[in-house]
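Heads up, the sequence shown is in full-length UniProt numbering, so the first residue is 1 and it goes up one at a time. The beta carbon of each residue, even a glycine, is placed where N, CA and C say it ideally should be. See below for the structure under consideration.
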Amino acid sequence: MNTQVSLRATFSHSCFPSVSTRTYYARIQTEPETMDNEDNLEELPHTISPSFNPYRESNISAVTFTVKNVNETTVLVNITDPLTSIYEQGEQLTIRDILKKDLQYKISYYKTGSTGKVMCSAFQYLNCNI
């Protein structure tokens with residue numbers, strides 16, 4: 001069986017609507033290398049970033065996946081979550097470590113030579129249990 005597989009990472013806003021609409025700001029402040037106890041932090045140069053929502057504005061790198069034919073009607077898709085630039089206790093976190101159950105993968109597959117997409121609803125969204 002010749003099958004082409006495409007994979008797309010998404011995360012669900014419906015589970016946590018308050019998180020997906022929440023807006024954040026970053027306060028960026030310049031501090032001297034050495035500070036006296038008498039320095040007033042409010043007087044140091046600072047600025048406020050534009051508002052942002054990390055759930056909607058984060059760039060997620062591509063996942064790594066392999067497809068293995070199990071038999072004529074079954075394929076096994078192994079997904080490796082991409083690493084982020086965030087570390088916790090010296091260990092680099094994956095996108096799943098951060099988004100947890102909000103991260104889902106949508107798998108679409110096509111039979112070779114077919115012009116239509118073949119999707120089985122049981123596999124439309126896959127939540128990995130790690």
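The C-alpha of T84 lies about 35 angstroms from the C-alpha of N71. The C-alpha of I60 is placed about 21 angstroms away from the C-alpha of P50. Each of T80, R56, Y55 and H46 was checked against the Cα of A62, and the nearest Cα belongs to T80. Between E33 and L44, the gap from beta carbon to beta carbon reaches 8 angstroms or more. Across the structure, N53 and D102 are spaced so that their CA atoms are roughly 15 angstroms apart. The C-beta of I48 has fewer than 16 other C-beta atoms within 10 Å across all chains shown, which makes the residue exposed. Look at the region 43-80 and you find these whole runs of alpha helix (DSSP H), each 4 residues long or longer: 54-57. Per DSSP, the unbroken alpha helix (DSSP H) holding R96 starts and ends at I95 to L99. In this structure, F65 is the residue among Q92, I86, R27 and F65 with its C-alpha nearest to the C-alpha of K106. The alpha-carbon of N69 is positioned some 32 angstroms away from that of Q92. V77 and I28 have their C-alpha atoms spaced approximately 43 angstroms apart.
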